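Taking it in order: structure first as structure tokens, then the write-up.
Residue numbers (my numbering): 10 to 392.
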């Protein structure tokens, strides 16, 4: 028994020790530069001459406001699908569009493309643009954004960020991603290549979830476009060139919470009624004559107050305003001081001017003669 158990274990170990990836050998066409592995070849009817074995069909509902437009455009849609052997039906009673394969259908994937076509038509995409989805290189993505935000006002505001002023943000995204984008209600319909659709989905979700504004995504995409042109940076990491945007938390105003009063099981005291107040003052037991007399007296008092107030208002118009005496006195003193100072300065200037003129008019001979006579007079005085 022990030997048998040992043999079983050996067999299990040999079964487990299988060589993985033995078929992953390099193929001669893997490294052939003439073959484009990413190219999508156009479908040829000769690849599937027998046609489809089963009938496949898809249907979708459309809103009532699209009914009139779809009626006008349906012949165009029908003729476009007829080329690929697809039958289509517009049911106005149920409000639905149906596409299905026929005996003439050869391309097995065209029914999926037809399904995308009716989806785009129901999401308000124009018919000429939606028919382009039947091309092999064109793909579509319908992004649901209605359930990403609960608050409706916030959702509308963020959706407007995606569109931008005069649809400028949306146009920039269409140019950079190479996709057609349509924002309608709770969905965003996009048409383009797989790479572009991936970028559009990320931008839309980041915008609605308030992770990053579309303008920042546009800046990053513009920088990537420039980096793609440089062959030296083709195989390098571009993170060092791309800008890094940090989310700033804007401080919101704190709502002042009202102080909660201490809980009491008893209700607040009932305010006294008119009858209770009359009972307290004893007015309740007065006669009607006395009550009327009191009312008349109160009325007369109110009238007297009113007349006095009106009289005071009328007399206020005849009272002259008080003149600012202190300010005038101060200004007059300042003016008198200024005049005195000016007079002193003028006298000083006239004195200086007189001296200057006297020095200028002195004759040299007279000055020498005068200077010779002056000391003699002084000596005479001393004697």
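Virtual Cβ for every residue (Gly too), placed ideally from N, Cα, C. In this text the structure is predicted, and so the values were computed from the model without any measurement.
Whole-number beta carbon distance between residue 124 and residue 60, since they are thought to touch under 8 Å = Taking the chain shown and counting its residues from 1, one reaches residue 60 at position 51. Taking the chain shown and counting its residues from 1, one reaches residue 124 at position 115. The pair is not a contact, with the Cβ atoms about 19 Å apart (cut-off 8 Å).
Take residue 186 and list the residues in its own chain whose beta-carbon comes closer than 6 Å to its own, dropping the five residues that flank it on each side.
-> Counting from 1 along the chain shown, the entry for residue 186 is found at position 177. Closer than 6 Å at the Cβ level, and outside the excluded window around residue 186, lie 205, 208 and 209.
Is residue 298 helix, strand or coil when you go by DSSP?
-> What you label residue 298 is simply residue 289 of the chain shown in a count that begins at 1. Residue 298 falls in the helix class under three-state DSSP.
Measure the alpha-carbon distance for residue 118 versus residue 144 and round it to whole angstroms.
-> Within the chain shown, the letter at position 109 stands for residue 118. Within the chain shown, the letter at position 135 stands for residue 144. Within the model, the alpha-carbon separation for residue 118 versus residue 144 is close to 11 Å.
Output yes or no for whether 8 Å exceeds the beta carbon distance between residue 155 and residue 195.
-> Working through the chain shown from its first residue, we reach residue 155 at position 146. Working through the chain shown from its first residue, we reach residue 195 at position 186. Closer than 8 Å, so yes.
Helix, strand or coil: how does DSSP classify residue 338 here?
-> Your numbering for residue 338 matches position 329 in the chain shown. In this predicted model, residue 338 has a pLDDT of only 48, less than 50, meaning its place in the structure is not dependable; the value taken from the coordinates is given anyway. Helix.
How many Å lie between residue 96 and residue 103 at the Cα?
-> The sequence position of residue 96 within the chain shown is 87, counting from 1. The sequence position of residue 103 within the chain shown is 94, counting from 1. Their Cα atoms are separated by approximately 18 Å.
Taking the DSSP output, what are the residues bridged to residue 150?
-> Along the chain shown, one-based indexing puts residue 150 at 141. Residue 150 has 199 as its beta-bridge partners, per DSSP.
Kindly confirm or deny that the stretch 223-234 and the stretch 178-192 touch, where touching means at least three C-beta pairs closer than 8 Å.
-> Contact holds: three or more Cβ-Cβ distances are below 8 Å.
The stretch 66-84 in contact with the stretch 131-151 per 3-pair CB rule at 8 Å | In short, these stretches touch, since the Cβ pair count reaches three.
Are residue 231 and residue 251 closer than 8 Å when you measure CB to CB?
-> In the chain shown, residue 231 corresponds to position 222, counting from 1. In the chain shown, residue 251 corresponds to position 242, counting from 1. Annotated as distal: residue 231 and residue 251, with beta-carbon spacing of 8 Å or more.
When the Cα atoms are used, what is the spatial distance from residue 288 to residue 321?
-> Working through the chain shown from its first residue, we reach residue 288 at position 279. Working through the chain shown from its first residue, we reach residue 321 at position 312. If I take the Cα positions, the gap works out to 39 Å.
Any alpha helix (DSSP H) of 4 or more consecutive residues that is wholly inside the stretch 110-193 = You should have 119-131, 136-140, 161-172 and 177-186.
To the nearest whole angstrom, what separates the beta carbons of residue 122 and residue 140, a pair I think is in contact under 8 Å?
-> Here residue 122 refers to the residue found at position 113 of the chain shown. Here residue 140 refers to the residue found at position 131 of the chain shown. Their Cβ separation, rounded to whole angstroms, is 10 Å, which puts residue 122 and residue 140 out of contact at 8 Å.
Pull up the distance between the alpha-carbon of residue 272 and that of residue 292, whole angstroms please.
-> Residue mapping note: residue 272 aligns to position 263 of the chain shown, counting from 1. Residue mapping note: residue 292 aligns to position 283 of the chain shown, counting from 1. For residue 272 and residue 292, the distance between alpha carbons rounds to 38 Å.
If I'm right that residue 148 touches residue 67 with Cβ under 8 Å, what's the distance once you round it to whole angstroms?
-> Here residue 148 refers to the residue found at position 139 of the chain shown. Here residue 67 refers to the residue found at position 58 of the chain shown. That belief does not hold up - the Cβ atoms of residue 148 and residue 67 are roughly 17 Å apart, past 8 Å.
Give the straight-line distance between the Cα atoms of residue 249 and residue 236, rounded to the nearest whole angstrom.
-> As a working mapping, residue 249 is identified with position 240 in the chain shown. As a working mapping, residue 236 is identified with position 227 in the chain shown. If you take the alpha carbons of residue 249 and residue 236, they lie about 12 Å apart.
From the DSSP output, in three-state form, read off residue 80 for me.
-> Mapped onto the chain shown, residue 80 falls at position 71. DSSP places residue 80 in helix when its eight states are reduced to three.
Relative to the alpha-carbon of residue 91, which residue among 105, 74 and 109 has its alpha-carbon at the smallest distance?
-> Taking the chain shown and counting its residues from 1, one reaches residue 91 at position 82. Comparing Cα positions, the closest option is 109.
Using 10 angstroms around the beta-carbon of residue 392, count the other beta-carbons present and answer buried if the total reaches 16, otherwise exposed.
-> In the chain shown, counting from the first residue as 1, residue 392 sits at position 383. Low per-residue confidence applies at residue 392: pLDDT is 42, beneath 50, and the placement is therefore not dependable enough to give any value.
Closest residue to residue 132 among 269, 191, 167 and 214 (Cα-Cα distance) = The count along the chain shown starts at 1 and reaches residue 132 at position 123. The option with the nearest alpha carbon to residue 132 is 191.
Could you please give me the residues that DSSP links to residue 70 through a beta bridge?
-> As a first step, residue 70 is located in the chain shown; it is residue number 61 there, counting from the start. In DSSP, residue 70 forms a bridge with 105.
Helix, strand or coil for residue 242, going by three-state DSSP, please let me know.
-> Position 233 of the chain shown holds residue 242. Judged by DSSP in its simplified three-state form, residue 242 adopts helix.
In angstroms with no decimal places, state the Cα-to-Cα distance between residue 309 and residue 263.
-> Walking along the chain shown from the start, residue 309 turns up at place 300. Walking along the chain shown from the start, residue 263 turns up at place 254. Rounded to the nearest angstrom, the two C-alpha atoms are 53 Å apart.
Report the rounded CA-to-CA distance for residue 283 versus residue 325, giving the unit in angstroms.
-> Residue numbering aside, residue 283 sits at position 274 when the chain shown is read from its first letter. Residue numbering aside, residue 325 sits at position 316 when the chain shown is read from its first letter. In this structure, the alpha-carbon of residue 283 lies about 41 Å from that of residue 325.
With a Cβ-Cβ cutoff of 8 Å, do residue 69 and residue 166 count as a contact?
-> In the chain shown, counting from the first residue as 1, residue 69 sits at position 60. In the chain shown, counting from the first residue as 1, residue 166 sits at position 157. Not a contact, by the Cβ cut-off of 8 Å.
Determine the extent of the beta strand (DSSP E) in which residue 289 is found, giving its start and end residues.
-> Taking the first residue of the chain shown as position 1, residue 289 is located at position 280. Taken as a continuous stretch (DSSP letters only), residue 289 belongs to no beta strand (DSSP E), being part of the alpha helix (DSSP H) at 283-290.
Cβ neighbours of residue 3 in the same chain (closer than 8 Å, five flanking residues each side left out) = Examination of residue 3 is not possible in this model, given that the chain is present from 10 through 392 alone.
Does DSSP put residue 326 in a helix, in a strand, or in coil?
-> If you number the chain shown from 1, residue 326 lands on position 317. The three-state secondary structure of residue 326, taken from DSSP, is coil.
Cβ neighbour criterion (16 or more within 10 Å) applied to residue 393 = Here the chain comprises residues numbered 10 to 392, so residue 393 is not present and cannot be evaluated.
Between residue 384 and the rest of its own chain, which residues show a CB-CB distance below 8 Å, the 5 nearest in sequence each way excluded?
-> On the chain shown, position 375 is the one that residue 384 refers to. Note that residue 384 scores 47 on pLDDT, short of 50, meaning its location in the model is unreliable; the coordinates nonetheless yield the value given after this. The same chain holds no residue with a CB closer than 8 Å to that of residue 384 once the five nearest residues on each side in sequence are set aside.
To the nearest whole angstrom, what separates the beta carbons of residue 157 and residue 217, a pair I think is in contact under 8 Å?
-> Along the chain shown, read from residue 1 onward, the residue named residue 157 stands at position 148. Along the chain shown, read from residue 1 onward, the residue named residue 217 stands at position 208. Contact between residue 157 and residue 217 is confirmed by a C-beta separation of about 5 Å, below the 8 Å threshold.
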